[in-house]
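Below you'll find the structure, written out as C-alpha cells, and then a few comments.
Residue numbers (the numbering used here), protein chains in the order written: chain A, 1 to 588; chain B, 589 to 677.
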C-alpha cells in the first residue's frame with residue numbers, strides 16, 4: 001500500500017523533526033549498545049567475579065584431630081566443638097534490657113559485660129569462649145545484631161592429671177606441644193580438604209563445581225597405657241610422695257614380654273585441661289627426660305657382667321669384712337657383713353662385694369656389658385626429648401670410677417631407661433623395644449643382651465631381695481614371687497654428693513617364675529625419716545605390682561605355704577590428706 | 589513433512605521438560621545429601637561429647653572418692669587379698 005498515494009493520509013512534516021526524533025532514537029540505541037558492549041566485553045571480569053562471589057563458594061573442610069585412647073579404648077584426649085561468642089564492635093546495638101538478658105545468659109555482671117563490649121572500637125572481639133551448648137542456643141535465639149557464634153574445636157583430656165605427662169597437650173592452634181600429642185602430631189592432625197560449590201539464593205549448596213578434595217581426618221591413636229594400672233600407679237606414687245614428704249617421684253610400668261609402657265607417671269604433675277597456672281617444671285616428664293644416679297639398682301648388671309664371663313658363680317664367697325680402698329676412695333657398707341656369697345651381695349646390697357666383683361673385669365668388659373644393657377643410649381620410646389643418660393668411656397675409665405659405677409654412682413640413667421634395662425633379666429636375656437603405642441605380641445623382635453642362664457640366675461638372686469634378710473621385704477606381693485633391687489643414692493647437688501638428700505628407688509618384676517611386668521619406682525628426696533629404697537619405694541612397687549597382676553588376671557606362682565610376712569600397707573591417701581584427695585576427685 | 593516436524597517439536601518439548609525435571613531432582617537430592625552429611629558430622633561430634641562425658645563420670649579418681657566418702661568403702665590391704673586360680677582375661 002502506498003500512503004503517499006492517498007491524499008487524506010498525506011502528512012506534511014518538517015524534515016528537521018524527522019531528523020531530531022530519528023537522531024534521538026539512534027543516540028538512545030547507541031547508548032544502550034555501548035553500555036552492553038562495555039559490560040559484556042570490557043568490564044566482564046569484574047562482574048563475573050561479583051557473580052561468582054555470590055553463587056560460588058570455596059569451602060575448607062576442617063580435619064578433625066584424632067582421638068587418643070588407652071589400650072582398652074578409654075579416651076585420653078578428644079576434640080569436641082565448642083561455640084564461642086564474638087562481637088563486631090562497629091555493628092553492635094543493644095538496649096538496656098537486652099544487655100541484662102545477655103549478661104544473665106553468660107553469667108556475667110551487666111556492667112562488666114558492657115565494659116567488655118566497649119574495650120575495642122574497631123574489628124572483632126571475643127566476648128566469651130567457650131560457651132556451653134545451652135548458652136549458645138539461648139544467645140542465638142536472641143538474635144542481637146553484631147553478635148556471632150563461632151565454632152571452634154577444643155581438646156579435652158578426660159584423664160586430667162593422671163596421664164598428663166604421657167599424653168601431653170596441644171596449644172590454641174591445635175599443635176601438639178608435649179608428649180604423645182607432639183610425637184604423633186602429623187598422624188593426629190590430619191589434612192583439611194577443600195571444595196568449590198554453587199549455591200542458590202537461599203545459600204543451599206546446589207552442586208560441586210570441581211572434584212572435592214576430601215579432608216583427611218586425623219587418625220586415632222591407641223596408646224600402650226592401661227588406665228587401670230596408670231591410675232593405680234599415679235595414686236600410689238602420690239600417696240608415697242605425700243607420706244614421705246618428698247620433692248617428687250616417678251613410676252614406670254612395662255610389659256616385660258612386649259616392651260609396651262603400661263603406665264608412666266611423675267610428680268609434680270599438671271592438669272592439661274586447665275593451663276591458667278602453667279609451670280614448665282610441672283610439665284617435664286621426668287621419668288623420660290631427666291636422669292639421676294641410680295645407686296644400687298645397678299648392682300644386678302655388675303653381677304651379670306661377672307657371671308657371663310664365668311668369673312663368679314652365685315655361690316662364690318666374697319670377703320666383705322674390711323673396708324676397701326680403691327684409688328683414694330674408701331668403699332663402705334651401711335651394714336657390714338664378714339663374708340657374703342654373690343647372691344647375698346645382691347640381697348643385702350653390699351657395696352664392697354659389688355666393687356670386688358667389678359674390679360675383676362677390665363674397663364672394656366664392664367662398659368661393654370653396661371652398653372649392651374642400653375645405658376648411655378636413648379631407650380628408643382620415640383618420646384620427644386628422651387634422655388640417653390651418661391656412661392663413661394671405657395678407654396679413659398679410672399679404677400675409682402669403675403669401682404663407683406659397680407654400685408651405680410658416676411653413671412646417670414633415666415627411670416625409663418632403667419626399667420628397660422631390667423627387661424633383660426625379666427625376659428630371659430632379651431630386651432624388646434619400648435613403645436608408647438599398643439602393639440601385637442607377634443610384632444616384637446627382641447634384642448639379646450644376656451644369655452638365658454645369666455638372666456635367670458641374676459633373677460633368682462634378685463628374688464632373695466624381697467625375702468627375709470633382704471633389703472626390700474616390703475616389696476613383697478602376697479601370692480606371687482617377686483624379684484627386684486633397691487637403690488638408695490646420695491643426690492648429686494652442684495657436683496657434690498649431698499649428705500642428707502637421697503633418691504630412693506626400687507625396680508622389680510613379677511611373677512618371678514616368668515615375669516610379665518616390670519615396675520620401676522623413684523622417690524626424690526624423701527624427708528620424713530625413712531630414705532631407703534626398700535622402705536620408701538618398695539611399698540609403692542608392691543601396691544602397683546599387685547594391682548597390675550590382678551587386673552591382668554595372672555595366676556599366683558608362689559607356693560601356698562610360703563612364709564608370709566605381714567605387710568604394713570601405706571595409709572590410705574584420703575586419711576593422710578583428705579582435702580587433697582577430695583580436691584583431686586572434684587577436679588577430675 | 590509438517591507432521592514430522594510437529595512430532596519432533598513435541599518430542600523436543602517433552603525432552604526439555606524431562607531435563608528440567610531431572611535437574612530439579614538432582615538438586616533436591618544434592619541438598620538432601622548435604623543435609624545428611626551435616627547431620628552425620630553433628631552426630632559424630634555428639635558421640636565424642638558423650639564419650640567425654642562418660643569417661644568423666646566414670647573416671648577412676650571420681651569413683652574412688654565417691655566410694656570412700658559416700659559409701660564408706662576402703663581398699664583392702666594386700667595381705668587380705670587372695671587370688672584364686674586366676675585366668676587371663
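The C-beta atom is built at its ideal place from N, Cα and C for all residues, glycine as well.
Beta carbon of residue 371/A nearer than 8 angstroms to that of residue 291/A: In the first chain, counting from the first residue as 1, residue 371/A sits at position 371. In the first chain, counting from the first residue as 1, residue 291/A sits at position 291. No; because the gap between Cβ atoms is not below 8 angstroms, this pair is not in contact.
Can you tell me whether residue 356/A is buried or exposed? The criterion is at least 16 other CB atoms within 10 Å of its CB, across all chains shown. Here residue 356/A corresponds to residue number 356 of the first chain, with the count starting at 1. Residue 356/A comes out buried.
What in chain A is Cβ-close to residue 622/B, meaning under 7 angstroms? Locating residue 622/B in the second chain gives position 34, where the first residue counts as 1. What residue 622/B touches in chain A: 205.
In chain order, which continuous runs of the alpha helix (DSSP H) of length 4 or greater are located wholly inside the region 123 to 178 of chain A? 133 to 142 and 164 to 167
Could you have a look at residue 582/A and say whether DSSP puts it in helix, strand or coil? On the first chain, position 582 is the one that residue 582/A refers to. In this predicted model, residue 582/A has a pLDDT of only 44, less than 50, meaning its place in the structure is not dependable; the value taken from the coordinates is given anyway. Reduced to three states, the DSSP call for residue 582/A is helix.
Any beta carbon of chain B sitting closer than 8 angstroms to that of residue 622/A? Limits of chain A in this structure are 1 at one end and 588 at the other, which puts residue 622/A out of reach.
Please check the pair residue 263/A and residue 226/A, which I expect to be a contact at CB under 8 angstroms, by giving their CB distance rounded to whole angstroms. Position 263 of the first chain holds residue 263/A. Position 226 of the first chain holds residue 226/A. Residue 263/A to residue 226/A, Cβ: 7 angstroms. Contact.
Do we get a CB-CB distance below 8 angstroms when we pair residue 689/B with the residues of chain A? Outside the displayed span of chain B (589 to 677) sits residue 689/B, for which this structure offers no information.
Counting pairs of beta carbons, one from the region 191 to 200 of chain A and one from the region 210 to 220 of chain A, are three or more of them closer than 8 angstroms? yes
By a C-beta neighbour count over all protein chains shown, 10 Å radius and 16 as the cutoff for buried, is residue 244/A buried or exposed? For the purposes of this step, residue 244/A is taken as residue 244 along the first chain, with counting starting at 1. Residue 244/A should be labelled buried.
Using a 10 Å radius around the Cβ and a threshold of 16 neighbouring Cβ atoms, would you call residue 348/A buried or exposed? The residue given as residue 348/A occupies position 348 in the first chain. Buried, by the Cβ-count rule.
State yes or no: is the C-beta of residue 267/A within less than 8 angstroms of the C-beta of residue 68/A? Here residue 267/A is taken as the residue at index 267 of the first chain, counted from 1. Here residue 68/A is taken as the residue at index 68 of the first chain, counted from 1. Cβ distance not < 8 angstroms, so residue 267/A and residue 68/A don't count as in contact.
Using beta-carbon positions only, say whether residue 489/A and residue 294/A come within less than 8 angstroms of one another. Counted from its first residue, the first chain places residue 489/A at position 489. Counted from its first residue, the first chain places residue 294/A at position 294. Result yes, Cβ atoms of residue 489/A and residue 294/A sit closer than 8 angstroms.
May I have the straight-line CA-CA distance separating residue 608/B from residue 27/A, to the nearest angstrom? On the second chain, position 20 is the one that residue 608/B refers to. On the first chain, position 27 is the one that residue 27/A refers to. Between residue 608/B and residue 27/A, the C-alpha separation is close to 41 angstroms.
From 71/A, 320/A and 386/A, residue whose alpha carbon lies closest to that of residue 183/A: Numbered from its first residue, the first chain carries residue 183/A at position 183. Selected option, being the one with the closest Cα: 386/A.
List the residues of chain A that residue 636/B touches, going by C-beta distances under 8 angstroms, in chain order. Within the second chain, the letter at position 48 stands for residue 636/B. Ordered by position in chain A, the residues that pass the 8 angstroms Cβ test against residue 636/B are 67, 78, 79 and 80.
For the region 649 to 668 of chain B, enumerate the residues whose C-beta is nearer than 8 angstroms to any C-beta of chain A, in chain order. 649, 650, 652, 653, 654, 656, 657, 662, 663, 665, 666 and 667
Any beta carbon of chain A sitting closer than 8 angstroms to that of residue 627/B? Taking the second chain and counting its residues from 1, one reaches residue 627/B at position 39. False, the Cβ-Cβ gap to chain A never drops below 8 angstroms.
Any Cβ of chain A within less than 8 angstroms of the Cβ of residue 643/B? In the second chain, the residue the question calls residue 643/B occupies position 55. Yes - at least one Cβ of chain A is within 8 angstroms of the one on residue 643/B.
Measure the C-alpha to C-alpha separation of residue 548/A and residue 508/A and round it to an integer number of angstroms. Along the first chain, read from residue 1 onward, the residue named residue 548/A stands at position 548. Along the first chain, read from residue 1 onward, the residue named residue 508/A stands at position 508. Looking at the two C-alpha atoms, the distance is approximately 13 angstroms.
Just list the alpha helix (DSSP H) runs in the region 605 to 670 of chain B, keeping only unbroken ones of 4 residues or longer that don't cross its boundaries, in chain order. 648 to 657
Give the single residue among 555/A, 36/A, 247/A and 175/A whose Cα lies nearest to the Cα of residue 501/A. Locating residue 501/A in the first chain gives position 501, where the first residue counts as 1. Looking at the Cα atoms, 247/A is the closest of the given residues.
Buried or exposed: where does residue 542/A fall if 16 or more other Cβ atoms within 10 Å of its Cβ makes it buried? As a first step, residue 542/A is located in the first chain; it is residue number 542 there, counting from the start. It is buried - the Cβ of residue 542/A has at least 16 other Cβ atoms within 10 Å.
Boundaries of the alpha helix (DSSP H) in which residue 547/A is found, first to last residue: In the first chain, the residue the question calls residue 547/A occupies position 547. 538 to 551 is the span of the alpha helix (DSSP H), which, as asked, contains residue 547/A.
Limits of the beta strand (DSSP E) - the one that residue 502/A falls within: Within the first chain, numbered from 1, the residue matching residue 502/A stands at position 502. That run of the beta strand (DSSP E) goes 496 to 510.
Does DSSP put residue 470/A in a helix, in a strand, or in coil? By one-based count along the first chain, residue 470/A stands at place 470. Three-state DSSP puts residue 470/A in coil, outside helix and strand.
Quick one: what does DSSP say residue 59/A is sitting in, helix, strand or coil? As a working mapping, residue 59/A is identified with position 59 in the first chain. Strand at residue 59/A.
Taking the alpha helix (DSSP H) that residue 35/A belongs to, which residues open and close that run? Here residue 35/A corresponds to residue number 35 of the first chain, with the count starting at 1. First-last of the alpha helix (DSSP H) with residue 35/A: 15 to 37.
Would you kindly check if the distance between the Cβ of residue 80/A and the Cβ of residue 642/B is under 8 angstroms? In the second chain, the residue the question calls residue 642/B occupies position 54. In the first chain, the residue the question calls residue 80/A occupies position 80. Not closer than 8 angstroms, so no.
Could you tell me whether any Cβ in chain B is nearer than 8 angstroms to the Cβ of residue 241/A? For the purposes of this step, residue 241/A is taken as residue 241 along the first chain, with counting starting at 1. Cβ-Cβ to chain B under 8 angstroms: no for residue 241/A.
Whose C-beta lies closer than 6 angstroms to the C-beta of residue 199/A among residues of the same chain, with five residues either side of it excluded? For the purposes of this step, residue 199/A is taken as the residue at position 199 of the first chain. Hits under 6 angstroms: 55, 57 and 205.
Within 10 Å of its beta-carbon, does residue 18/A have 16 or more other beta-carbons around it, so buried, or fewer, so exposed? Along the first chain, one-based indexing puts residue 18/A at 18. It counts as exposed.
Taking residue 346/A and residue 521/A to be in contact with their CB atoms under 8 angstroms, please state how far apart those CB atoms are, rounded to whole angstroms. Taking the first residue of the first chain as 1, we reach residue 346/A at position 346. Taking the first residue of the first chain as 1, we reach residue 521/A at position 521. Wrong, their Cβ atoms sit about 18 angstroms apart, outside the cutoff.
Buried or exposed for residue 494/A, going by 16 or more other Cβ atoms inside 10 Å? On the first chain, position 494 is the one that residue 494/A refers to. Under this definition residue 494/A is an exposed residue.
Start-end ranges of the beta strand (DSSP E) lying completely within the region 207 to 263 of chain A, minimum 3 residues: 248 to 255
At what residue ranges does the region 349 to 382 of chain A contain a whole run of the beta strand (DSSP E), taking only runs of 3 or more? none
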